[in-house]
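Numbering (the numbering used here), first residue to last: 1 to 216. Yeah, the Cβ is synthetic: ideal placement off N, Cα and C, and Gly gets one too. As the structure is a computational prediction, the values presented were derived from the model and not from experiment.
Structure follows, in structure tokens:
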């Protein structure tokens, strides 16, 4: 486990398609974060057929997840946060339908990725489904609950990145506007909240993670 020191400066999002800063960060920044996104992992996404748009999204989610993890000061497995976020949409190499989580996990296992990483791929759909929801959506019947804080941070970052890249918030203004308006935005845009069960799940993660940050 890696204890992450407080990160006093947040990641600045100056343009819609911001460059993956953690890929080229300094040694001092690497030491602060405890993890660096690897070019070899990005190339693995390309080799499996993930589109450049989806790769860019995944890099942004990994960056955001690492930033959030640093701000919580919790004891976290930063490899799980960073690589889990980077590979969460691996299954989109084959489909963008809801089963891309299951397909991504299967592909990740074939590629030899750690089980903790493939678990993020499999469970990230709708932020961690119950068995009943899995049945309703036609997915393998199992409990997809996100039991690790690292997993919940990845899902939270995924929603935040969608809000930012869709232009719902002004990226030239408050860098954390997507967080401060999270409940308002998810409640007002069904594409993010999906349904009442999923919405409440996302809002629960938001409350938990923001609560950790406010303890600093």
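Using only alpha-carbon positions, find the residue among 133, 173, 211, 174 that is nearest to residue 196. Walking along the chain shown from the start, residue 196 turns up at place 196. It is 133.
Does the region 135-142 come into contact with the region 111-119, if we say contact requires no fewer than three beta-carbon pairs (one atom in each stretch) closer than 8 Å? no
Hey, how far is the Cα of residue 18 from the Cα of residue 60? On the chain shown, position 18 is the one that residue 18 refers to. On the chain shown, position 60 is the one that residue 60 refers to. Any reading at residue 18 is ruled out, since the residue's pLDDT is 38, under 50, leaving its predicted position unreliable.
Under 8 Å between the Cβ atoms of residue 152 and residue 160? For this step, residue 152 is matched to residue 152 along the chain shown. For this step, residue 160 is matched to residue 160 along the chain shown. No, the Cβ-Cβ distance between residue 152 and residue 160 is not below 8 Å.
State yes or no: is the C-beta of residue 179 nearer than 7 Å to some heavy atom of the ligand HEM? Of the ligands one can find in the structure shown there are none, so the ligand HEM has no counterpart to examine.
So, with DSSP's three-state summary, where would you put residue 137? Taking the first residue of the chain shown as position 1, residue 137 is located at position 137. Here residue 137 sits in helix by DSSP.
Residue range of the alpha helix (DSSP H) that includes residue 176: Locating residue 176 in the chain shown gives position 176, where the first residue counts as 1. First-last for residue 176: undefined, no H or E at that position.
Just to confirm before moving on: does the CB-CB distance between residue 105 and residue 86 stay below 8 Å? Locating residue 105 in the chain shown gives position 105, where the first residue counts as 1. Locating residue 86 in the chain shown gives position 86, where the first residue counts as 1. No. Outside cutoff.
Considering only the beta carbon of each residue, do residue 55 and residue 45 sit closer than 8 Å? Against the chain shown, residue 55 aligns to sequence position 55. Against the chain shown, residue 45 aligns to sequence position 45. In contact: residue 55 and residue 45 (Cβ atoms closer than 8 Å).
Have a look at residue 40 and residue 91 and give me their C-alpha separation to the nearest angstrom. Counting from one through the chain shown, the residue named residue 40 turns up at place 40. Counting from one through the chain shown, the residue named residue 91 turns up at place 91. Each residue's alpha carbon lies about 18 Å from the other.
So for residue 66, helix, strand or coil by DSSP? Indexing the chain shown from 1 puts residue 66 at position 66. Residue 66 falls in the helix class under three-state DSSP.
Could you give the first and the last residue of the continuous alpha helix (DSSP H) run that contains residue 124? Against the chain shown, residue 124 aligns to sequence position 124. From DSSP, residue 124 is part of no alpha helix (DSSP H); its letter is neither H nor E.
My output table needs one value for residue 76: the three-state DSSP class, helix, strand or coil. Looking up residue 76 in the chain shown gives position 76. Reduced to three states, the DSSP call for residue 76 is strand.
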